[in-house]
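Asks: Here it is, the structure, as structure tokens.
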């Protein structure tokens with residue numbers, strides 16, 4: 033039978049590039065005369081910008097540290113063992129780069145076994161054990177602490193989570209088994225399932241304590257010192273930690289049922305991780321830890337060998353790495369400083385943009401519009417949003433006053449923009465209107481000022497074509513709601529120069545947006561793909577397929593919302609406008625739905641009413657629909673929609689709309705909320721054989737977002 037050392041050695045051979053975490057053991061006398069103590073510090077030798085991870089060699093070092101303290105505990109040389117991390121970081125879990133390299137179920141099983149074996153030794157020490165969550169703790173880092181007898185947490189801890197389900201894994205080193213046995217199934221389901229599926233929501237230190245995961249909460253400044261004093265009091269019996277009795281009856285079953293409902297609402301059965309985690313939580317009700325660990329090992333190995341996990345890791349890497357180093361962006365040294373921003377328009381979108389520039393750049397922002405009432409309303413919106421931030425404690429009174437003082441509104445563009453470095457327009461989506469606005473701005477703004485357009489589908493080149501300096505016009509397309517969706521499509525017109533583009537990317541970075549360079553092609557990336565996707569749904573409805581069948585057909589993708597609910601969010605009139613724009617550009621592939629046109633002309637805000645709390649087809653919309661007699665099944669609808677999307681993406685890549693398929697996926701994840709388990713979309717199309725059926729080739733090389741051959 034393989035020993036832990038054998039398992040970890042084999043895993044380490046597969047992953048020679050691991051950034052190794054050391055486990056340093058030091059000894060000292062505890063306060064209050066409580067006795068000799070061993071403290072293990074996890075540290076990879078880098079600062080906090082390279083968080084501590086747990087690859088196979090790191091686990092082997094931790095195992096060796098436990099060898100040492102195990103002997104000391106058995107010999108009565110120490111009264112307890114603590115585990116903590118380097119400054120600002122406890123440990124952020126398994127090293128995903130290593131997981132990507134695993135090519136067999138046996139190797140994947142070794143990772144699960146190895147972690148469990150090491151952590152169980154920690155739990156089995158002859159003396160009490162303490163985890164001191166001093167900084168960011170995720171995944172396997174959290175699970176180290178769950179194996180300890182006691183846990184303290186820093187009030188300054190910024191991020192604590194079991195994010196595995198978000199990526200397509202599950203907490204497989206004890207998380208699914210130990211957490212519900214510590215804090216109850218209901219709270220455990222919130223941490224493992226709900227937070228993960230809510231865009232990987234993180235807990236702060238105080239929340240970790242309130243949930244009962246940690247037994248004590250201390251301020252960050254002297255966190256370790258306070259934790260050690262508390263430890264001494266616990267060991268001397270001066271502090272007794274009381275933990276609530278866990279409901280192992282109906283409450284446990286209800287919590288698991290709630291988790292299944294949450295998973296269904298988020299991924300619609302399309303990704304297995306949440307369901308496998310819930311199965312283990314359900315089993316953990318009997319308190320048999322080893323049974324839970326064995327189930328975690330099997331589930332972990334199965335999921336590691338799944339396409340969904342590989343897509344999840346691929347998506348995570350896109351957002352964390354490619355998103356921070358945009359493909360094709362010019363040298364950042366060419367960027368010009370931006371010390372004042374102008375916003376043309378004072379409607380909702382323009383006001384959201386003004387607020388974002390104000391908060392992130394902290395420079396003067398001035399709005400203009402066609403009358404004083406609109407200008408006042410726009411400035412009033414920004415002030416009200418700052419007051420909300422103040423009320424939530426996100427800014428203090430001084431900062432709120434300063435931000436309010438930086439935003440203003442004027443009617444005269446010459447007065448507002450004469451010293452602006454960056455002017456963005458967010459006016460009506462009509463090329464003539466936008467050309468006129470830019471002509472007016474060019475006449476009064478400095479020669480170096482960037483002229484940015486928030487257009488969602490119109491040609492940036494055409495918009496700039498009548499200007500004296502078209503080289504400073506750039507597309508700067510945000511997604512709604514601006515504060516929530518990270519994507520910013522930066523569009524290079526035919527005349528746009530490198531300095532203007534570099535400035536646009538520099539501003540995007542300060543705005544904390546994920547910027548993707550896009551060619552000036554109709555509707556750019558997200559709206560083009562979504563319009564083709566939605567257009568095909570609309571086509572099958574127009575031809576005769578019932579609305580509910582067309583909607584259900586794409587549920588297996590696990591998208592954040594159904595196509596017609598998305599249309600409602602976007603607004604049917606905007607959806608119609610974009611489809612008309614694309615129909616003019618590509619009439620052979622993009623249709624304009626007569627039914628959608630009728631819905632817009634009738635002034636309807638969507639296809640559904642919500643009187644019962646659930647979406648139901650609006651009877652007035654049903655009366656407007658004129659359908660043919662071709663009725664497709666859900667499978668036929670899904671195949672047709674996926675074929676259309678695969679064709680469109682293939683054509684976009686041939687046209688050079690973006691540098692690579694990876695950029696398409698990054699756009700869909702960050703601009704449309706498409707799930708990590710799809711990897712955006714191209715890994716899914718590859719996995720399902722759609723790419724080869726439609727285009728004769730995969731979008732991504734084998735092993736990219738898929739299990740290595």
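In the working numbering, the protein residues as written are 33 to 741.
Note that the Cβ used here is the ideal one computed from N, Cα and C, for glycine as well.
For clarity, every value in this text was computed on a predicted model and none was experimentally measured.
1) Classify residue 459 as helix, strand or coil using the three-state DSSP reduction.
2) According to the Cβ coordinates, are residue 486 and residue 456 closer than 8 Å?
3) When DSSP labels each residue in this structure, what does residue 387 get in the three-state scheme?
4) For residue 72 versus residue 108, is the C-beta distance shorter than 8 Å?
5) Looking at the structure shown, is residue 528 part of a helix, part of a strand, or coil, going by DSSP?
6) Excluding the five sequence neighbours on either side, which residues of its own chain have a C-beta within less than 7 Å of the C-beta of residue 246, listed in chain order?
7) Is it true that the CB of residue 106 sits closer than 8 Å to the CB of residue 55?
8) Where DSSP assigns a beta bridge to residue 684, which residues make up the other side?
9) Name the one or two DSSP bridge partners that residue 440 has.
10) State the Cα-Cα distance for the pair residue 367 and residue 170, rounded to the nearest angstrom.
11) For the segment 560 to 567 against the segment 601 to 616, do three or more pairs of beta-carbon atoms, one drawn from each stretch, fall closer than 8 Å, so that the two count as touching?
12) In whole angstroms, what separates the C-alpha of residue 52 from that of residue 334?
13) Considering only the alpha carbon of each residue, which of 360, 302, 67 and 434 lies closest to residue 160?
14) Taking residue 300 and residue 715 to be in contact with their CB atoms under 8 Å, please state how far apart those CB atoms are, rounded to whole angstroms.
15) Write down the C-beta distance between residue 63 and residue 264 rounded to the nearest angstrom, noting that I regard them as a contact closer than 8 Å.
16) DSSP three-state label for residue 257, please.
17) For residue 235, write down the residues that DSSP places opposite it in a beta bridge.
18) Look up residue 186 in the DSSP assignment and say whether it is helix, strand or coil.
19) Could you tell me which residues DSSP pairs with residue 551 in its beta bridges?
20) Consider the C-beta atom of residue 167 and the heavy atoms of the ligand GDP; say whether any pair is separated by less than 7 Å.
21) Please state whether the Cβ-Cβ distance between residue 550 and residue 454 is less than 8 Å.
22) For residue 576, which residues from the same chain have a beta carbon less than 7 Å from its beta carbon, with the 5 sequence-adjacent residues on both sides left out?
23) Since I believe residue 291 is in contact with residue 221 (beta carbons under 8 Å), could you give me their beta-carbon distance rounded to a whole number of angstroms?
24) Looking at the unbroken beta strand (DSSP E) that takes in residue 54, where does it start and where does it end?
25) Quick check: residue 471 and residue 498, are their CB atoms within less than 8 Å of each other?
26) With C-beta atoms as the reference, is residue 288 less than 8 Å away from residue 217?
27) Based on Cα-Cα distance, which residue from 259, 402, 110 and 180 lies nearest to residue 469?
28) CB residue 345 to CB residue 131, shorter than 8 Å?
29) Comparing C-alpha positions only, which one of 111, 284 and 127 sits nearest to residue 90?
30) Tell me where the alpha helix (DSSP H) around residue 75 begins and ends.
31) Return the bridge partner residues of residue 249 from the DSSP annotation.
32) Within 10 angstroms of the Cβ of residue 495, are there 16 or more other Cβ atoms? Answer buried if so, exposed if not.
33) Using the Cα positions of residue 140 and residue 229, report the straight-line distance between them to the nearest angstrom.
34) Keeping to the same chain, check which residues put their C-beta closer than 6 Å to that of residue 153; ignore five residues upstream and five downstream.
35) Secondary structure at residue 148, three-state DSSP: helix, strand or coil?
36) Whose CA, out of 652, 649 and 538, lies closest to the CA of residue 392?
Replies: Taking the geometry as given:
1) Counting from 1 along the chain shown, the entry for residue 459 is found at position 427. In the structure shown, residue 459 sits in coil (DSSP, three-state: anything other than H, G, I, E or B).
2) What you label residue 486 is simply residue 454 of the chain shown in a count that begins at 1. What you label residue 456 is simply residue 424 of the chain shown in a count that begins at 1. Taking 8 Å as the cut-off, the beta carbon of residue 486 is found closer than this to the beta carbon of residue 456.
3) What you label residue 387 is simply residue 355 of the chain shown in a count that begins at 1. Residue 387 falls in the helix class under three-state DSSP.
4) Against the chain shown, residue 72 aligns to sequence position 40. Against the chain shown, residue 108 aligns to sequence position 76. The answer is no: Cβ separation not under 8 Å.
5) Here residue 528 refers to the residue found at position 496 of the chain shown. Reduced to three states, the DSSP call for residue 528 is coil.
6) Taking the chain shown and counting its residues from 1, the one referred to as residue 246 is at position 214. Excluding sequence neighbours, residue 246 sits near 165, 183, 184, 185 and 240.
7) Locating residue 55 in the chain shown gives position 23, where the first residue counts as 1. Locating residue 106 in the chain shown gives position 74, where the first residue counts as 1. Going by C-beta atoms, residue 55 is not nearer than 8 Å to residue 106.
8) Counted from its first residue, the chain shown places residue 684 at position 652. In DSSP, residue 684 forms no bridge with anything.
9) Taking the chain shown and counting its residues from 1, one reaches residue 440 at position 408. The partner list for residue 440 (beta bridge, DSSP) reads 398.
10) In the chain shown, residue 367 corresponds to position 335, counting from 1. In the chain shown, residue 170 corresponds to position 138, counting from 1. A direct Cα-Cα distance of roughly 37 Å separates residue 367 from residue 170.
11) Yes, since at least three Cβ pairs between the segment 560 to 567 and the segment 601 to 616 fall closer than 8 Å, the two stretches touch.
12) For the purposes of this step, residue 52 is taken as the residue at position 20 of the chain shown. For the purposes of this step, residue 334 is taken as the residue at position 302 of the chain shown. Between residue 52 and residue 334, the C-alpha separation is close to 26 Å.
13) Within the chain shown, numbered from 1, the residue matching residue 160 stands at position 128. Of the candidates 360, 302, 67 and 434, the one whose C-alpha sits nearest the C-alpha of residue 160 is 67.
14) One-based indexing of the chain shown puts residue 300 at position 268. One-based indexing of the chain shown puts residue 715 at position 683. Not confirmed; about 18 Å, so no contact.
15) Numbered from its first residue, the chain shown carries residue 63 at position 31. Numbered from its first residue, the chain shown carries residue 264 at position 232. Confirmed, Cβ separation roughly 5 Å.
16) Locating residue 257 in the chain shown gives position 225, where the first residue counts as 1. In this structure, residue 257 counts as helix in the three-state DSSP scheme.
17) Position 203 of the chain shown, counted from the first residue, corresponds to residue 235. The partner list for residue 235 (beta bridge, DSSP) reads 192.
18) For the purposes of this step, residue 186 is taken as residue 154 along the chain shown, with counting starting at 1. Of the three classes helix, strand and coil, the one that applies to residue 186 here is strand, per DSSP.
19) Counting from 1 along the chain shown, the entry for residue 551 is found at position 519. DSSP output for residue 551 lists 524 as bridge partner(s).
20) Looking for the ligand GDP in the displayed structure turns up nothing, as the structure carries no ligands at all.
21) Within the chain shown, the letter at position 518 stands for residue 550. Within the chain shown, the letter at position 422 stands for residue 454. Remark: C-beta atoms of residue 550 and residue 454 do not approach each other more closely than 8 Å.
22) As a position in the chain shown, residue 576 is number 544, starting the count at 1. Result list for residue 576: 659, 660, 661, 662 and 663, in chain order.
23) The residue you call residue 221 lines up with position 189 of the chain shown. The residue you call residue 291 lines up with position 259 of the chain shown. So it is a contact: roughly 4 Å between Cβ atoms.
24) Residue mapping note: residue 54 aligns to position 22 of the chain shown, counting from 1. Start and end: 54 to 61.
25) On the chain shown, residue 471 is found 439 positions in, with the first residue counted as 1. On the chain shown, residue 498 is found 466 positions in, with the first residue counted as 1. Yes, Cβ-Cβ distance for residue 471 and residue 498 is below 8 Å.
26) Residue 288 sits at position 256 when you count from the first residue of the chain shown. Residue 217 sits at position 185 when you count from the first residue of the chain shown. Between residue 288 and residue 217, the C-beta spacing is below 8 Å.
27) Locating residue 469 in the chain shown gives position 437, where the first residue counts as 1. Per the Cα distances, 402.
28) On the chain shown, residue 345 is found 313 positions in, with the first residue counted as 1. On the chain shown, residue 131 is found 99 positions in, with the first residue counted as 1. Their beta carbons are under 8 Å apart, which means residue 345 touches residue 131 by this criterion.
29) Here residue 90 corresponds to residue number 58 of the chain shown, with the count starting at 1. Per the Cα distances, 127.
30) Walking along the chain shown from the start, residue 75 turns up at place 43. Careful: residue 75 lies outside any alpha helix (DSSP H), inside the beta strand (DSSP E) at 68 to 75.
31) Your numbering for residue 249 matches position 217 in the chain shown. In the DSSP output, where bridge partners are listed per residue, residue 249 has 185.
32) Here residue 495 is taken as the residue at index 463 of the chain shown, counted from 1. Buried, since its Cβ has 16 or more Cβ neighbours within 10 Å.
33) Along the chain shown, one-based indexing puts residue 140 at 108. Along the chain shown, one-based indexing puts residue 229 at 197. Roughly 24 Å between the two C-alpha positions.
34) Position 121 of the chain shown, counting from 1, holds the residue named residue 153. Excluding residues within five positions, the ones whose Cβ falls inside 6 Å are 98.
35) Within the chain shown, residue 148 is the residue found at index 116, counting from 1. It is helical.
36) Locating residue 392 in the chain shown gives position 360, where the first residue counts as 1. The shortest C-alpha separation from residue 392 is found at 538.
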